[in-house]
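Accompanying notes for the structure given below.
Protein chains in written order, with my numbering: chain A, 1 to 488; chain B, 1001 to 1488.
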């Protein structure tokens, strides 16, 4: 069903030079997808990875619609088994075909999203979504924000019915032979109602707690637990278990690091609605949050946009293996970028920002290097990440989402990073903070207009008094005890 | 159980001068609470309202813990009946006593929050929370953001049990005699689970739609409906009804006003997680959102913080009367400000920002003037609002949350607005935009440091070239197609 070789042949890559490569990468599962991200993923592999790394121990699984259709989805089951065996997985974006796409591609079936099966197969505990920080790039949070979202339970697997007036009864029958208990009995008076039943399985909360607090400790950030437990009282259980784990295993370490000094020396709980406010207020970052499934869904998207966009957040599914080890699946946080793929097929230039995919791939490679203890691999990952980051902050020399229309194409960016990695790019441009725009996008008229507003006496020069008044007028006067963001 | 007179006596106010007052206010329900907001509410009434308005037709209900205890909560039921009869209600913040407070106050019972009974009694459809805009004050959203949150249903009234392994079955029995149907059947494998059952009553969705779209049309903002319906499929029903109402009654009007030009001429739906991102992106404002109960809870708090704080958002419960008329209850979005009350009791100075309470009171007075067609009353409200707003933007002359430690006390602010309203304050300070700080808080060292960074050749003057480079360095270079916020 799979093999590195067969995949090499399928994707047209050759591994002839494997023997000469310096670093032999430890095993990893590489899931290939399709469209623009498959095309770009292939470029990254060929140009950035393979010249330096022997990836012959990687197992490739093709989760394109065609491959799933050809194998009657056996490839998905194989890939889940491989993930359990190997522990570190990278997944390119895939397409979940609609009925229309099913017909267009001549599929036997509109294969569903693979995520549910993966989450179950790898015994998912949390989905981690953390802010990505590119040195020299102005982003929303100054310091890391970590998030763990319970990967199971809640309304995602709810049963429901749209019903008229009547009565609804819910009964729970214990497996231990104890008598049944009534969970809920209600009278519905409206002529149209949605009745909804779901459950939260809580056995893995202590594992989630260890995972989350361990990560926060490692990153030296202050942890917070988020629920709506004052109103949704069943959520008290999640808080109780997390607090117990924290107090027994982590409290002292966090205290010693001074990470609880702003929260009374104790683990703090925030209500979900209050958390949605703190995320806006705490732009300094340096905190972690752990929440139920749906709250995590909404709050991590809020974090993404405050930071810059979903592309600046990681996405890692953390599952637990039968032997207690952690399985990690790293994904890009975007889809297959269909529009760009269509442009590419029409022969037009494209400019795909590789950050989200590469952060995931480098994450998987690093985790694999940790699992199999291959230090050179971790070093390689850091070097490649650094080459990508430093290219991204050169004005006009990043992809066009950052540099505007004169930025580099998908292929030019790959080439530029390759040169940088290989040391051909000797001049390291000093990173200049830019507002996501290239020089020719600058509005010089606006600058002049602004200058004239500040240059009150109109002599073409701004002195310190005009400067101070100008800042006041622009409402960006620095204050002693709360300097506005841009001056920090 | 109530009367204006008895309340006057209880609160120590006198109505002896009623006969001389110019405007006779139409009926309104005024719910008094306790602690700091009761003290301040009394000041606002005595100093700002009563000198100009005869409030003898207002009905006062005292929802303090003591009053509820004394009347065995009859005062709450009476107040709900009065709300139905009169239609416009203002509520000061109240205390929901904890067990500790019950003992301290010597109450018979820890009386629960009155909100649930009010919501039911007034047949609540939505809770509206809109941004407040004070001219001359720099706030997060440039234009109004309107929000309507379904006031009933969802997890707030869920039934639940914490259970072990077993099976859960939910059955619905229609009132019309049709056979029972299975809503959900599930096997719970964990040793600890929360099982949750709730329903969304959907009969009032078309009323919510009319309310929401009518408000958006009136405010000339683009409406959006927010659910998680792609995953929580039962929510499709809410969207379907809202879309039907929109297409049949509102689409053309919105199109004619050009309010659908950025969304393909159609009503748009956003997923809740995407909405949490758009709220960050759309800082220009000028939109409305309508959502289920819990999504509305979380998203309106996000809006509050982006705009500035919950105090800059209104809070109005909209219910529907038996005759189809709308009942509106206006509240402040904060509590009784216990800390400040304790300071006040210790004889210390306090500085309560009246915005949230006064926006609610003026809202209730305006709505009452609309219900009973008393135009002079609406004009009075506008004039008083304007006096409060204009006082709030005078540097150093607002309350201390805005002006810093040298700002006015609670009582001084009341006095200043009173003088302003009466025309005694002849010098209208030109509104200067400030960053929440008084002049003496300005960090002059920081300004000089910044000036020197921009003044590259160090001649003590900034020319246009240095200015341009400086803006670049500060990452606030205005761009042609996406000028940064502060330059708009």
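Every residue gets a Cβ at the ideal spot worked out from N, C-alpha and C, and that includes glycine.
Item, Value
"In chain A, what lies closer than 8 Å to residue 1174/B by C-beta?", "163, 164, 165 and 166"
"Within a Cβ cutoff of 6 Å, which residues of the same chain sit near residue 250/A, ignoring the five residues on either side of it in sequence?", "213"
"How big is the Cα-Cα spacing for residue 365/A and residue 1035/B?", "59 Å"
"What three-state label does DSSP hand residue 1124/B in the structure shown?", "strand"
"Pull up the distance between the alpha-carbon of residue 228/A and that of residue 282/A, whole angstroms please.", "20 Å"
"At a Cβ cut of 8 Å, what residues of the stretch 1218-1234 of chain B count as close to chain A, listed as they run along the chain?", "1228, 1231, 1232, 1233 and 1234"
"If we cut at 8 Å on Cβ distances, does residue 192/A have a partner in chain B?", "yes"
"Would you call residue 1186/B buried or exposed, if buried means 16 or more other Cβ atoms sit within 10 Å of its Cβ?", "buried"
"Quick one: residues in its chain with C-beta nearer than 6 Å to the C-beta of residue 1374/B, no 5 flanking neighbours on either side, listed in chain order?", "1026"
"Kindly indicate the opening and closing residues of the beta strand (DSSP E) around residue 1290/B.", "1287-1291"
"Check the Cβ-Cβ distances between residue 1132/B and every residue of chain A, and say whether any is below 8 Å.", "no"
"Taking one C-beta from the stretch 1313-1328 of chain B and one from the stretch 1123-1132 of chain B each time, how about it: are there three or more such pairs within less than 8 Å?", "yes"
"Put residue 269/A into one of helix, strand or coil per three-state DSSP.", "strand"
"Which residue wins for smallest C-alpha separation from residue 1465/B, given the options 298/A, 451/A and 130/A?", "451/A"
"Here's the rule I'm using: 16 or more other beta-carbon atoms within 10 Å means buried, otherwise exposed. How should residue 324/A be labelled?", "exposed"
"When DSSP labels each residue in this structure, what does residue 1335/B get in the three-state scheme?", "coil"
"Under the three-state reduction of DSSP, which class applies to residue 431/A: helix, strand or coil?", "At residue 431/A, the pLDDT of 33 sits below 50, so the modelled position is not reliable and the matter cannot be decided from this model."
"Determine, using beta-carbon pairs with one atom in the stretch 1221-1241 of chain B and one in the stretch 208-224 of chain A, whether at least three such pairs fall under 8 Å.", "no"
"Beta carbon of residue 563/A, beta carbon of residue 369/A: below 8 Å?", "In the structure displayed, chain A extends from 1 to 488; residue 563/A sits before or after that span and is not available."
"With distances taken Cα to Cα, identify the nearest neighbour of residue 1164/B among 92/A, 164/A and 173/A.", "173/A"
"Tell me, to the nearest whole angstrom, how far the beta carbon of residue 29/A is from that of residue 86/A; I am working on the premise that it is less than 8 Å.", "5 Å"
"For residue 247/A, is the classification buried or exposed, using 16 other Cβ atoms within 10 angstroms of its Cβ as the cut-off for buried?", "exposed"
"Whose CA, out of 448/A, 196/A, 358/A and 472/A, lies closest to the CA of residue 311/A?", "358/A"
"Okay, do the stretch 1267-1276 of chain B and the stretch 1126-1141 of chain B touch, 3+ Cβ pairs below 8 Å being the bar?", "no"
"Using a C-beta cutoff of 8 Å, does residue 119/A count as contacting chain B?", "no"
"Cβ closer than 9 Å: which chain A residues qualify as neighbours of residue 1244/B?", "Result: empty, since nearest Cβ-Cβ is about 13 Å, beyond 9 Å."
"Note the first and the last residue of the continuous beta strand (DSSP E) segment covering residue 380/A.", "Residue 380/A -> not in any beta strand (DSSP E); alpha helix (DSSP H) instead, spanning 375-392."
"Do the stretch 1192-1202 of chain B and the stretch 190-207 of chain A meet, that is, are 3 or more Cβ pairs less than 8 Å apart?", "yes"
"For residue 159/A, would you say it is in contact with chain B, using Cβ-to-Cβ distances shorter than 8 Å as the test?", "yes"
"Under a three-way DSSP split, which group does residue 13/A fall into?", "The predicted position of residue 13/A is uncertain, since its pLDDT is 43 and thus under 50; no value can be drawn from it."
"Cutting at 8 Å between CB atoms, please list the residues of its own chain near residue 239/A, excluding the five before and the five after it.", "225, 227, 229 and 269"
"Mind checking whether the beta-carbon of residue 1269/B lies closer than 7 Å to any heavy atom of the ligand GDP?", "By its list of ligands, the structure shown contains no ligand whatsoever, and the ligand GDP lies outside what it can speak to."
"Would you kindly report the start and end of the unbroken beta strand (DSSP E) that includes residue 1415/B?", "Element bounds for residue 1415/B: not the beta strand (DSSP E) but the alpha helix (DSSP H), 1410-1421."
"With which residues is residue 364/A paired in a DSSP beta bridge?", "Bridge partners of residue 364/A: none, in fact."
"To the nearest angstrom, how far is it from the Cα of residue 1150/B to the Cα of residue 1234/B?", "15 Å"
"What does residue 1469/B reach in chain A if we use C-beta pairs closer than 7 Å?", "Simply none; closest approach about 10 Å."
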